[in-house]
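S.K.:
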Amino acid sequence: MRARQLEADPKATRGKLIEDLLNDHLEPSLIQPTFLYDYPRDISPLTKSKPGDPDTVERFEGFIAGMELCNAFSELNDPLDQEARFLEMMRDYAADDEERHPLDEDYLRAMRYGMPPNGGFGMGIDRLAMLFTDSPNIREVILFPHLREREGKIE
Numbered sequence: 001m002r003a004r005q006l007e008a009d010p011k012a013t014r015g016k017l018i019e020d021l022l023n024d025h026l027e028p029s030l031i032q033p034t035f036l037y038d039y040p041r042d043i044s045p046l047t048k049s050k051p052g053d054p055d056t057v058e059r060f061e062g063f064i065a066g067m068e069l070c071n072a073f074s075e076l077n078d079p080l081d082q083e084a085r086f087l088e089m090m091r092d093y094a095a096d097d098e099e100r101h102p103l104d105e106d107y108l109r110a111m112r113y114g115m116p117p118n119g120g121f122g123m124g125i126d127r128l129a130m131l132f133t134d135s136p137n138i139r140e141v142i143l144f145p146h147l148r149e150r151e152g153k154i155e
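Quick note: the sequence shown uses the working numbering, first residue 1, plus one each step.
#1: Would you grab the beta carbon distance between Glu-75 and Gly-119 for me? Rounded to a whole angstrom, and I think it's under 8 Å.
#2: In the DSSP assignment, find the unbroken alpha helix (DSSP H) run with Met-1 in it and report its ends.
#3: Pull the bridge partners of Met-67 from the DSSP assignment, please.
#4: Keeping to the same chain, check which residues put their C-beta closer than 7 Å to that of Ile-18; ignore five residues upstream and five downstream.
#5: DSSP state of Leu-21, grouped into three classes?
#6: Leaving out five residues on either side along the sequence, give the residues of the same chain with a beta carbon under 7 Å from the beta carbon of Leu-46.
#7: Would Phe-63 pass as a contact of Tyr-37 if the rule is Cβ separation under 8 Å?
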């Protein structure tokens, strides 16, 4: 960030700084299909850490035409690790930060019963529709937008 003469929030975590750089400076330039992987742990609190690297998680995102198309990760299934991360995030992120996750006792209790290895993959049809129609805004392709503005008024 210093090399680009960008101001960094002194309170931001390492992962948040990396995420900001990715969002603002790298993602818009990812025109060809590209996959980014090995994300910082502190921006992926529900994701399993890579073996031998507790600061990096098993996560990837796919990009095309300057936008994120999909997000995938291995789900964290260790309740002790998950609880530690919730507590870490409550300490490291401000109360109004969307990255902050509250301590979810119900989730931790369910994990303690035994959560099998699993993962998640998310790719919305709306993102594909944006890609295929060359739409600059996701609201243009959502079938039933809640508050779609038309001719200066909200319907």
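Just so it is clear, CB atoms sit at the ideal spot from N, CA and C, and this is done for glycine as well. Quantities reported herein were computed from a predicted structural model and do not represent experimental measurements.
M.R.: Looking at the atomic coordinates:
#1: 6 Å
#2: First-last for Met-1: undefined, no H or E at that position.
#3: Ile-64
#4: Pro-40
#5: helix
#6: Excluding positions up to five away in sequence, the list reads Glu-75 and Leu-76.
#7: No, these two residues do not count as a Cβ contact at 8 Å.
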